[in-house]
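Input: a single structure, listed below in structure tokens.
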Amino acid sequence: MTAGLFAFMLAAVLSCAFTASPPFDPLIPNYDNIPQCMQPPQAGLCLAYIPSFYYNPATKKCQSFIYGGCRGNLNRFFSEVECMRVCGEKDQPEEKDPIVELLPAPEEPKSEANVDICSQPKQPGLCYAYFNRFYFNGEKCESFVYGGCDANQNNFLTEEECNKACPPKVVENQPKAEELPKIVEAEVSMPEENVDICSQPKQPGLCYAYFNRFYFNGEKCESFVYGGCGGNRNNFETEEECNKACPPKIVENFFPFRQGKRGKSTIKTV
Numbered sequence: 006m007t008a009g010l011f012a013f014m015l016a017a018v019l020s021c022a023f024t025a026s027p028p029f030d031p032l033i034p035n036y037d038n039i040p041q042c043m044q045p046p047q048a049g050l051c052l053a054y055i056p057s058f059y060y061n062p063a064t065k066k067c068q069s070f071i072y073g074g075c076r077g078n079l080n081r082f083f084s085e086v087e088c089m090r091v092c093g094e095k096d097q098p099e100e101k102d103p104i105v106e107l108l109p110a111p112e113e114p115k116s117e118a119n120v121d122i123c124s125q126p127k128q129p130g131l132c133y134a135y136f137n138r139f140y141f142n143g144e145k146c147e148s149f150v151y152g153g154c155d156a157n158q159n160n161f162l163t164e165e166e167c168n169k170a171c172p173p174k175v176v177e178n179q180p181k182a183e184e185l186p187k188i189v190e191a192e193v194s195m196p197e198e199n200v201d202i203c204s205q206p207k208q209p210g211l212c213y214a215y216f217n218r219f220y221f222n223g224e225k226c227e228s229f230v231y232g233g234c235g236g237n238r239n240n241f242e243t244e245e246e247c248n249k250a251c252p253p254k255i256v257e258n259f260f261p262f263r264q265g266k267r268g269k270s271t272i273k274t275v
């Protein structure tokens, strides 16, 4: 865990800890009488972005989700190893808790191995992260926003992976080549690799984390808050890295000497 991420996590928890709240919050279920490893994933009420893990008793595996930084429950771990160590080798208790008995018995989950991946519906999940993913909609692959937890297998990192697993359906009675519309050349936007990093605008991103970063504003490097995802390449962890990539502009200033002669001095903006 990097120092920046630890500082952000600590700040997120402290900011929510000092928020006044009643002893019982109806928005957060009470899990005190449910065993730790059987509690459902709970992102909490804050909007931080902390990758975490929870134990899924249905699959008997630890799965990732995004924790918001406050509230939640005990079924939350910061590494998959820790999650499996606490919950992975434990069997379900023989004697059911009386509170648990009041809950409806969960349906037997269908094995994903027997389900056609390409027929599974789009599933953004219950968490609040912002990941660009692709799914097959029955005819072709298209993009959607994945929240970071509770996905199904119809969830691909790239469009190429989606097309490979779920090829687009072939449309019959396609028009002949001479009947196809002519292709008109259009201007294509310049790829980001060829764009001058130092001329890109400040971009906080779409997520709600809190990272102190630096960007070049056209004259010098200054700090801004980065949300944790998205953004552009004009984004540096330290002011030194920013100044190295985008040196401050040199402003030449002419002024007269006392003798009446004109002199030239070079002033470096800071």
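Under my numbering, the first residue of the sequence shown is numbered 6, with each subsequent residue one higher. Glycine is no exception: its CB is placed at the ideal position from the N, C-alpha and C atoms.
| Query | Result |
| --- | --- |
| Alpha-carbon spacing of Cys203 relative to Gly236, whole angstroms | 14 Å |
| Through-space distance from Gln158 to Val120, alpha-carbon basis | 9 Å |
| C-beta contact flag for Tyr59 and Cys67 at 8 Å | yes |
| Euclidean distance between Cα positions of Ile165 and Ser124 | Position check: residue 165 holds Glu in this sequence, whereas Ile was assumed. Glu165 and Ser124: Cα-Cα distance of roughly 18 Å. |
| Glu87 versus Pro56: straight-line alpha-carbon distance, rounded | 14 Å |
| Validate contact between the stretch 208 to 224 and the stretch 236 to 245 using beta carbons, cut 8 Å, 3 pairs | yes |
| Cβ shell of Ala156 (< 7 Å), same chain only, five flanking positions each side left out | Gln128, Gly130 |
| Reduced DSSP category for Phe84 - H, G, I as helix; E, B as strand; rest coil | Residue identity check: residue 84 is Ser in the sequence provided, not Phe. Coil. |
| Residue from Cys154, Glu144, Ser148, Phe136 with nearest C-alpha to Arg81 | Cys154 |
| Close-in-space but distant-in-sequence residues of the same chain around Cys42 (CB under 8 Å, 5 per side omitted) | Tyr60, Pro62, Asn80, Val91, Cys92, Lys95 |
| Rounded separation between Phe216 and Gln47 - CA only | 23 Å |
| Where Asn38 falls, given that 16 or more other Cβ within 10 Å makes a residue buried | exposed |
| Reduced DSSP secondary structure (H/G/I, E/B, other) of Phe71 | Sequence inspection shows Ile at residue 71; the Phe mentioned does not correspond to that position. The answer is strand: DSSP assigns Ile71 an E or B state. |
| Nonlocal neighbours in the same chain, by C-beta distance under 7 Å from Tyr151, ignoring five residues either side | Pro129, Gly130, Phe136, Arg138, Asn160 |
| Residue(s) in a DSSP beta bridge with Arg218 | Phe229 |
| Reduced DSSP secondary structure (H/G/I, E/B, other) of Glu164 | helix |
| In DSSP terms, what Lys66 is bridged to | Asn61 |
| Collapsed DSSP secondary structure at Val91 in the structure displayed | helix |
| Where Ile39 sits in the DSSP three-state scheme | coil |
| Identity of the residue in Phe229, Tyr220, Ser69 nearest Asn248 by Cα | Tyr220 |
| Best match in Gln205, Glu227, Asn168 for proximity to Glu245 [C-alpha to C-alpha] | Glu227 |
| Cutoff 7 Å; reference Phe229; Cβ partners in own chain excluding five residues on either side | Lys207, Pro209, Arg218, Tyr220 |
| Three-state secondary structure (DSSP) of Glu244 | helix |
| Cβ-based burial, Asn240 [other Cβ within 10 Å; buried from 16] | buried |
| Alpha-carbon spacing of Tyr54 relative to Pro173, whole angstroms | 35 Å |
| Per-residue burial, Gly232 [other beta carbons within 10 Å of its own, 16 or more giving buried] | buried |
| 6 Å Cβ shell around Tyr36 - same chain, five flanking residues per side excluded | Gln44, Asn78 |
| Cys146 - containing beta strand (DSSP E), residue span | 146 to 151 |
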